[in-house]
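Q:
Residue numbers (this note's numbering), protein chains in the order written: chain A, 68 to 370; chain B, 968 to 1274; chain C, 17 to 350.
(1) Could you tell me the distance, in whole angstroms, from the CA atom of residue 156 of chain C to the CA atom of residue 104 of chain C?
(2) Residues of the stretch 107 to 134 of chain C in Cβ contact with chain B at a cutoff of 8 Å, in chain order, please.
(3) Report the three-state DSSP secondary structure of residue 69 of chain A (helix, strand or coil).
(4) Inspect the CB distances between the stretch 1154 to 1166 of chain B and the stretch 1225 to 1242 of chain B and report whether three or more fall short of 8 Å.
(5) Using 7 Å as the limit for Cβ to Cβ distance, is residue 1086 of chain B near chain C?
(6) Ignore the nearest five residues each way along the sequence and tell me which others in residue 330 of chain A's own chain have a CB closer than 6 Å to its CB.
(7) Taking C-alpha atoms, which residue in C:243, C:232, C:189, C:230 lies nearest to residue 218 of chain C?
(8) Going by DSSP in three states, residue 88 of chain A sits in which element: helix, strand or coil?
(9) For a cutoff of 7 Å on Cβ pairs, would you count residue 147 of chain C as touching chain B?
(10) With 7 Å as the limit, tell me which residues of the stretch 72 to 86 of chain C have their beta carbon closer than that to any beta carbon of chain B; keep them in chain order.
(11) Measure the C-alpha to C-alpha separation of residue 88 of chain A and residue 95 of chain A and round it to an integer number of angstroms.
(12) Kindly indicate if chain B contains any beta-carbon less than 7 Å away from that of residue 228 of chain A.
(13) Using only alpha-carbon positions, find the residue among B:1268, B:1229, B:995 that is nearest to residue 1063 of chain B.
(14) For residue 106 of chain C and residue 33 of chain C, which I take to be in contact (beta-carbon distance under 8 Å), what is that distance rounded to the nearest angstrom?
(15) Short of 6 Å in beta carbon distance, which residues of its chain neighbour residue 56 of chain C, apart from the five on each side in sequence? Order them along the chain.
(16) Just tell me which of B:1226, B:1074, B:1258, B:1019 has its CA closest to the CA of residue 1049 of chain B.
(17) Taking the straight line between their C-alpha atoms, what separation do you get for residue 338 of chain A and residue 1099 of chain B?
(18) Per DSSP, what kind of secondary structure is residue 332 of chain C in: helix, strand or coil?
(19) Got a sec: which bits of the stretch 309 to 339 of chain A sit with their beta carbon under 9 Å from any beta carbon on chain B, in order along the chain?
(20) For residue 208 of chain C, go through chain B and note every residue whose CB falls closer than 7 Å to its CB, in chain order.
(21) Out of C:313, C:128, C:280, C:267, which has the shortest C-alpha to C-alpha gap to residue 184 of chain C?
(22) Residues in its own chain within less than 7 Å of residue 131 of chain A by CB, not counting five upstream and five downstream?
(23) Could you tell me which of B:1264, B:1258, B:1267 sits nearest to residue 974 of chain B, measuring between CA atoms?
(24) At least one CB of chain A closer than 7 Å to the CB of residue 994 of chain B: is that the case?
(25) So, is the C-beta of residue 1039 of chain B closer than 7 Å to a C-beta in chain C?
(26) State buried or exposed for residue 89 of chain C, treating a residue as buried only when at least 16 other CB atoms are found within 10 Å of its CB.
(27) Can you tell me whether residue 322 of chain A is buried or exposed, with buried defined as 16 or more other CB within 10 angstroms of its CB?
(28) Rounded to whole angstroms, what's the CA-CA distance from residue 253 of chain C to residue 103 of chain A? Just pull it up for me.
(29) Going by beta carbon distance, what residues of the same chain come within less than 7 Å of residue 90 of chain A, once the five residues before and after it are set aside?
(30) What distance in whole Å lies between the Cβ atoms of residue 124 of chain A and residue 166 of chain A, which are believed to be in contact at a cut-off of 8 Å?
(31) Determine, using beta carbons only, whether residue 344 of chain A comes closer than 7 Å to chain B.
(32) Could you pull the DSSP bridge partners for residue 144 of chain C from this structure?
(33) For the structure I just gave you, are there three or more beta carbon pairs, one from the stretch 120 to 134 of chain C and one from the stretch 204 to 216 of chain C, closer than 8 Å?
(34) Which residues bound the beta strand (DSSP E) around residue 310 of chain A?
(35) Quick one: does residue 1160 of chain B have its CB under 7 Å from some CB of chain C?
(36) Taking contact to mean at least 3 C-beta pairs separated by less than 8 Å, is the stretch 1101 to 1111 of chain B in contact with the stretch 1150 to 1159 of chain B?
Here it is in structure tokens:
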């Protein structure tokens, strides 16, 4: 008898506990969902591996970026003389060049995204937080820019002011912040109207406290997702410019530069296109899978 | 509806002016000029040349003179292609780019939407995985990698299609550039369509339509498609911009005599009138097509129209 | 359908229009298998009104979505459902399309999202008739217009060309009802048709159903969590808890002689004019998690009268008195 009524108490307790587990933190839940997403987790590891190669790749090769080997021109991938990825039409080692390109491409991806993040978050949160006329003017400005062929402006900028890598950072960053500002503004607006923010204001919290405690935690999810999707976009834009010969300049190299050179010698040395092209594609793949995984993890009802 | 179109047109005109002014002053702001490379020229000759292209005047005056000429429909003379006016060059390039871009956007829309709808209707089955893998590949492998690989396979190895050239827009010359140009947009459109479709098919009114006894094709065609197409219409603007920027590179790779080539050449040689001309044409096209997308959106969603 | 003006007497014998036997529904989810409906059986006769009562999550809506073949894609139903003597559970889409809207119609709870936003009301009504009755556009228009008048929508000709967002909530629910009645179905299922509406509008809609139950021989299923609705409208009642029917009886028998503690709890929750407001009670606790149901009676953890047997052995749905079924280990005495 006693044992059975004890069991009933346990069941009740278990049910209450089940009710309580719903209150687990959003971030723990998101992390759990992300870790179980095989495509996203696989992409994280592949990206880490490519990043590692970008750092140590040029160091483990016996060759350097400036070495020319006249006796090894257009050699396909071989172990001979340690040209693991072959050599290009100038006899330069493709292994070193590919991972040097990785360094530049990844750096540009991250740096320009940082520029876009900075402008976009500032612009969007200011517009969304103050609302009214300020919001109206700021967002009309974004609308106008949206309708412009901005990549053409980057091309003009780069051709006219000289092909400078920092100009590429700023140019791409200055173009890609538009969507970010829209996302941040939308989130800020919707958070601002929530009851708990009203309550916080009624309790006398300052604007800054409200922003820090309520607005920032709520906009950070969509922003993280967008950042992971923006990095591959900026890498792509950089390759696009470099392909046209307007981005990174010799002797520096990036995946776009390598692809451009590979495309012009595709009949004589297909590996010159295929190797950097594959690395670029895999990297873009991975970022997209991670972005999708993060979105699913942070917003489980959205899908 | 008419007032809606009119209001959108009213914002389109200032936008275009911003583009023209932006491009004009951006180019003039940089040090150097179009004749820097011609070091062998006598200083007097350069001065004469600068005067011929208005470059000796203050920037603001140059702008006013340019705008007055533009208002008459005159884009001015090209500097690089000395025997041609910019209008003549555009008359050569625009039809090529228009045909290429138009066909590419149509192909992208049709193929992308069909793929997305099929994937959504067969969610989590092999057809879904196959289409979405193709879409993912199209998204991750940029056009400037796809294009050379396509020429390698179909042009060089299989010898089915010409490697490059326009040949007055012959079908066989169009196939590879159109595929390379449309592929990234197909990727995005099919993903958008699939997501939109999945969301709409979960809506309560779809359940109502099924409960009415409508067969599935009628449920999709008559109750879902309009709403499914809304995000696609919103994406139309960016898609067109993507096709245009893509065409610059594709024209270069396949050696097509489109506007992209004139734009790049113009920018590299500081051919101010040529760059201005191409940018104005690109911008006008983007603005007009965005306007068109807005109008279609208003037509599809009865709630937007009344605002 | 021959116009039966008066409400026919309840015919316990004879063929049921809708006969449901041992219907179960489960969903496969990432967290495991959820059993939403378990072994539900009932008969529905022509002209009868069945009330289905339960809290949200009790499986009352899923039961009828399964019957209509409208379960979510991860849901699966087992058992048997006969409509006019023909098996319709898990049948082909083609057969379902012929039945749905024609013989078996449903009015959903949420009229705001239940109508297609970008289609005119008239088109949404007419397509039912052109689909099932092969009517021409103008025939369908005339018939649909009559139906809009029947559900008391003023100016049907003008409303015909409007979009759903131009209608009020009550009006939209009327449109939904008109849409369901267009083909004079044998069975009309109303899934909490008044929940989303204002109280005054609720009364009007219920009056509409009352007229329907009294003046046609369409069998009505009223899914609700409001026993008041059941008392005013229904002949038979099925009370559901955690996916199972726990009590089935005629309205009179259930209200005057409830046999299950849960039903008694529900009745005690009902505000009534002839009782003190102090005697209003709430049932303590929450409905159980369907993915991990206890081995015994699902209601036992919340039941004030539960004893040890309730925790280890699930009570079966047995006859308490003639025509009154209950699933409880307690003796009949309340």
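All residues carry an ideal CB built from backbone N, CA and C; glycine is no exception.
A: A quick look at the data gives this:
(1) Taking the first residue of the third chain as position 1, residue 156 of chain C is located at position 140. Taking the first residue of the third chain as position 1, residue 104 of chain C is located at position 88. Taking the straight line from one Cα to the other gives about 27 Å.
(2) 109, 110, 112, 113, 114, 115, 116, 117, 118, 121, 122, 124, 126, 129, 130, 131, 132, 133, 134
(3) Residue mapping note: residue 69 of chain A aligns to position 2 of the first chain, counting from 1. In this prediction, residue 69 of chain A scores a pLDDT of 41, lower than 50, which makes its location untrustworthy; no coordinate-derived value is stated.
(4) no
(5) Taking the second chain and counting its residues from 1, the one referred to as residue 1086 of chain B is at position 119. No, residue 1086 of chain B lies away from the interface with chain C (no Cβ there is under 7 Å from its Cβ).
(6) One-based indexing of the first chain puts residue 330 of chain A at position 263. The answer, listed in chain order, is 340.
(7) Numbered from its first residue, the third chain carries residue 218 of chain C at position 202. Residue 218 of chain C has its Cα closest to that of C:189, out of C:243, C:232, C:189, C:230.
(8) In the first chain, counting from the first residue as 1, residue 88 of chain A sits at position 21. Model confidence at residue 88 of chain A stands at a pLDDT of 41, short of 50, so the residue's coordinates are unreliable and nothing is read from them.
(9) Taking the third chain and counting its residues from 1, one reaches residue 147 of chain C at position 131. Yes, its Cβ sits closer than 7 Å to a Cβ of chain B.
(10) 84, 86
(11) Taking the first chain and counting its residues from 1, the one referred to as residue 88 of chain A is at position 21. Taking the first chain and counting its residues from 1, the one referred to as residue 95 of chain A is at position 28. Its pLDDT being 41, under 50, residue 88 of chain A is placed unreliably by the model, and the measurement read from it follows with that caveat. Cα to Cα, residue 88 of chain A sits roughly 12 Å from residue 95 of chain A.
(12) Within the first chain, residue 228 of chain A is the residue found at index 161, counting from 1. True, the Cβ-Cβ gap to chain B drops below 7 Å.
(13) As a first step, residue 1063 of chain B is located in the second chain; it is residue number 96 there, counting from the start. Measuring from the Cα of residue 1063 of chain B, the nearest candidate turns out to be B:1229.
(14) Locating residue 106 of chain C in the third chain gives position 90, where the first residue counts as 1. Locating residue 33 of chain C in the third chain gives position 17, where the first residue counts as 1. Actually they are not in contact, since the Cβ atoms of residue 106 of chain C and residue 33 of chain C sit about 19 Å apart, beyond 8 Å.
(15) For the purposes of this step, residue 56 of chain C is taken as residue 40 along the third chain, with counting starting at 1. Closer than 6 Å at the Cβ level, and outside the excluded window around residue 56 of chain C, lie 39, 79, 261.
(16) Residue 1049 of chain B sits at position 82 when you count from the first residue of the second chain. Residue 1049 of chain B has its Cα closest to that of B:1019, out of B:1226, B:1074, B:1258, B:1019.
(17) What you label residue 338 of chain A is simply residue 271 of the first chain in a count that begins at 1. What you label residue 1099 of chain B is simply residue 132 of the second chain in a count that begins at 1. Using only the alpha carbons, I get a separation of about 27 Å.
(18) As a working note, residue 332 of chain C is residue 316 in the third chain. Coil.
(19) 310, 311, 312, 313, 323, 326, 327, 329, 330, 331, 333, 334, 337
(20) The residue given as residue 208 of chain C occupies position 192 in the third chain. Result: empty, since nearest Cβ-Cβ is about 13 Å, beyond 7 Å.
(21) The residue given as residue 184 of chain C occupies position 168 in the third chain. Considering only alpha carbons, the answer is C:128.
(22) Residue mapping note: residue 131 of chain A aligns to position 64 of the first chain, counting from 1. The answer, listed in chain order, is 163.
(23) Mapped onto the second chain, residue 974 of chain B falls at position 7. Of the candidates B:1264, B:1258, B:1267, the one whose C-alpha sits nearest the C-alpha of residue 974 of chain B is B:1258.
(24) Position 27 of the second chain, counting from 1, holds the residue named residue 994 of chain B. Yes, because at least one Cβ of chain A sits closer than 7 Å to the Cβ of residue 994 of chain B.
(25) As a working mapping, residue 1039 of chain B is identified with position 72 in the second chain. Closer than 7 Å: no.
(26) Here residue 89 of chain C is taken as the residue at index 73 of the third chain, counted from 1. Exposed, because fewer than 16 other Cβ atoms sit within 10 Å of the Cβ of residue 89 of chain C.
(27) Numbered from its first residue, the first chain carries residue 322 of chain A at position 255. The residue in question, residue 322 of chain A, is buried, as its Cβ has 16 or more Cβ neighbours within 10 Å.
(28) Along the third chain, one-based indexing puts residue 253 of chain C at 237. Along the first chain, one-based indexing puts residue 103 of chain A at 36. Taking the straight line from one Cα to the other gives about 45 Å.
(29) As a working mapping, residue 90 of chain A is identified with position 23 in the first chain. For residue 90 of chain A, the predicted structure reports a pLDDT of 41, less than 50, and the residue's modelled location is therefore unreliable. A value from the coordinates is still provided. Within the same chain, residue 90 of chain A has no close Cβ partners at all.
(30) The sequence position of residue 166 of chain A within the first chain is 99, counting from 1. The sequence position of residue 124 of chain A within the first chain is 57, counting from 1. Indeed they touch by this definition, with Cβ atoms about 3 Å apart.
(31) Numbered from its first residue, the first chain carries residue 344 of chain A at position 277. By this cut-off, residue 344 of chain A is an interface position.
(32) Residue numbering aside, residue 144 of chain C sits at position 128 when the third chain is read from its first letter. Looking at the DSSP assignment, residue 144 of chain C forms no beta bridge with any residue, so it has no partner.
(33) yes
(34) Looking up residue 310 of chain A in the first chain gives position 243. Unbroken run through residue 310 of chain A is the alpha helix (DSSP H), 283 to 310; no beta strand (DSSP E).
(35) Working through the second chain from its first residue, we reach residue 1160 of chain B at position 193. No, its Cβ sits nowhere closer than 7 Å to a Cβ of chain C.
(36) yes
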